[in-house]
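Numbering (our numbering), first residue to last: 1 to 161. Every residue, glycine too, gets a C-beta built ideally from N, C-alpha and C. Okay, structure first, notes after.
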Amino acid sequence: VPTAPVPAPVVPAPVPPGPAPVPASEALGPVETRKVADEPAPLPVRGTHRNRATPAAAVPGVRPEDRGVLAEHANTPPVPRLSAVRGTMGKPQLPRRRAQEHIVPQLRGGPAPRQEPEQYTGHDPGLMAAFQRGVGLAEAQQHSEPAPLTPAQRDPGGTAE
C-alpha cells in the first residue's frame, strides 16, 4: 500500500547573533538620583554615537537600497498634467439664498399688504392737536402755581420731626 510522503517539520533558520543590547542605565551614563521629592526628574543625557552619519558626510545621489523605490515610481509624473490652471475656470455656483427660511412658518409670507391712507383704522386727525393742547395747558398751569417748599428751603429755626 503506497503512503503519502510526510512533510518534515519546519524549523526556523538560526539568526546570526547581533550586537548585544546595552542596558539603558549604561547607555545613558551615570544617573543622578532626585534629592527632593518635588524636584522633577533630570533629562536623559545623550551618549556618544560615533557611528551616526552627519549631513556633511553624506554622499550626493541615490543610495543603492533606494533604487528599487525610485524604479517603481519612475513613470509617475510629479504633478498631475490635467490640473486646473488658475484663471481658466469659472467660479463655482454658490447655493441660492431662500428668503426668510429661518422664520416661523406663520411669518414667512412677508409683511401684510399696506392699507390706503384713508382706510387706516383708529386714526383720528385731531388726536395730535388734542395732545398738544393738553400738554400746553398742563405746562401753563404748572408755571402759574407757586413751587412747593422742598426740604432744602425750610425755615432754619424749625425743629426736625
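- Residue 52 and residue 38 have their C-alpha atoms roughly 37 Å apart.
- The DSSP-derived three-state label of residue 67 is helix.
- Secondary structure note for residue 73: it is in no alpha helix (DSSP H), with a DSSP letter that is neither H nor E.
- Between residue 70 and residue 59, the C-beta spacing is not below 8 Å.
- Residues of the same chain with a CB within less than 8 Å of the CB of residue 134, apart from the 5 flanking positions on each side, do not exist.
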